[in-house]
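What follows is a short report on a single structure.
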Amino acid sequence: MAKTKLFASIGVGLLGLVAVFSLVVATRPSRFHVERSAPVPAPPELVFPLIDDFHRWPEWSPWGKLDPAMKREYSGATSGPGATYEWAGNDDVGRGRMRITDSQAPARVAIALDFIEPWQASNTTLFSIAPGPAGATVTWGMDGESNFMFKAISLFMDMDSMVGKDFEEGLANLARVAQAEAVRRAAPR
């Protein structure tokens, strides 16, 4: 009888913990936003094509180096609205698809971003390119919805710091590529 009471008490305690955890998770924000900006030493007209054409992304994307054998497939328009890029790689990069939904040269590129593996999620990515003191200022933002699983994960891992580091690296790479492009174009022929 004492064992039955003990097991019942443990069961009630565990149910209580699950209920409290579920309540805490449910109170987490249902949307997230990650954004980083950086100066790029090239005019917006030079930076824009590096973002608007997925064929140029391997030059600066922070994720390409995680799987050098990653498979890439391009379809739709070469650049701008309708341009589509699909990737499949190792566990570090997973599988997904991006499609440019809006493109306004040289100021903005909006992308529908779908992760397929190892988890499924649909996000919106926006690149804004503005004239800046060094040439351009590029802002890379991503918005999405957080389902219960992502809300639970956010208790232990912060999406902003996790993805933000990749955005910072990507913007630094983009600046390097854009600057090299600017120098190449300015060189006498």
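Counting along the sequence shown from 1, when you hit position 30 you're at 109 in our numbering, and nothing is skipped either side.
Note that beta-carbon positions come from the ideal geometry of N, C-alpha and C, so glycine has one too.
Residues of its chain near residue i, where Cβ-Cβ distance is below 7 Å and the 5 sequence neighbours each way are ignored
i: His-134; result: Tyr-153
i: Asp-146; result: Gly-168, Asn-169, Asp-171, Val-172
i: Val-256; result: Leu-129, Glu-138, Trp-139
i: Gly-211; result: Pro-118
According to DSSP, residues forming a beta bridge with residue i
i: Asp-222; result: His-112, Thr-203
i: Ile-195; result: According to DSSP, which records beta bridges pairwise, Ile-195 is partnered with nothing at all.
i: Gly-175; result: Trp-166, Phe-194
i: Ser-182; result: Val-188
i: Thr-216; result: Pro-118, Ala-209
Close Cβ partners of residue i (< 6 Å) along its chain, the five nearest in sequence each way excluded
i: Ala-162; result: Phe-133, Gly-155, Ala-156, Ile-179
i: Ala-191; result: Arg-178, Thr-180
i: Lys-84; result: none
i: Leu-205; result: Ala-189, Gly-220
Buried or exposed (CB count within 10 angstroms, at least 16 for buried), residue i
i: Val-119; result: buried
i: Ala-148; result: exposed
i: Phe-100; result: Caution is warranted here: a pLDDT of 46 is assigned to Phe-100, below 50, making its placement in the model unreliable, and the coordinate value is therefore given only provisionally. Phe-100 comes out exposed.
i: Met-221; result: buried
i: Val-201; result: The sequence shown places Ser at residue 201, not Val. Classification for Ser-201: exposed.
i: Ala-259; result: exposed
i: Trp-219; result: buried
i: Asp-237; result: exposed
i: Trp-198; result: exposed
i: Ser-240; result: exposed
i: Arg-115; result: buried
i: Pro-123; result: buried
i: Ala-265; result: exposed
i: Val-262; result: exposed
i: Ala-121; result: buried
Start-to-end residues for the alpha helix (DSSP H) that takes in residue i
i: Glu-124; result: 123–131
i: Arg-263; result: 238–265
Start-to-end residues for the beta strand (DSSP E) that takes in residue i
i: Ser-154; result: 150–154
Close-in-space but distant-in-sequence residues of the same chain around residue i (CB under 8 Å, 5 per side omitted)
i: Thr-216; result: Ser-116, Ala-117, Pro-118, Val-119, Ile-208, Ala-209, Pro-210
i: Lys-150; result: Trp-166, Ala-167, Gly-168
i: Val-126; result: Val-119, Pro-185, Ile-208, Gly-214, Ala-215, Val-217, Leu-253, Ala-257
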